[in-house]
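Taking the numbering used here as reference, the numbering of the sequence shown is continuous, increasing by one, and the terminal residue is 87.
Note that CB positions come from ideal geometry on N, CA and C, so glycine has one too.
A quick note: this is a predicted structure, and the numbers were derived from the prediction, not measured.
I have placed the structure first, in the form of structure tokens, so that the comments after it can refer back to it.
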Amino acid sequence: MQEALGTRLDMSTAYYPQTNFRAEVGEGQLIGPELMQETTERISQIKDRLKAARDRHKSYADKRKKPLEFSVGDYVLLKVSP
């Protein structure tokens, strides 16, 4: 998931502002909005790609599906339980 979002997971010990360079308040304020914007864009891109994949799968299924035609007097099998 980190790769998809363009982030990386770094393990560290307890929170120490002196040693953890990413814990600086000023840097966090600069990265926060940029990260939110990039994350929002990537989520939108993922949703668009999922919709395209769903549409593609639907068109494949619709091509193979044959319409059912019944007339009066035909015997049909009804499924009454899931």
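One Cα belongs to R61, the other to D79, and the distance between them is close to 34 Å. T45 and A57 have their C-alpha atoms spaced approximately 18 Å apart. The three-state secondary structure of G78, taken from DSSP, is coil. If you draw a straight line from the Cα of F75 to the Cα of T12, it comes to about 57 Å.
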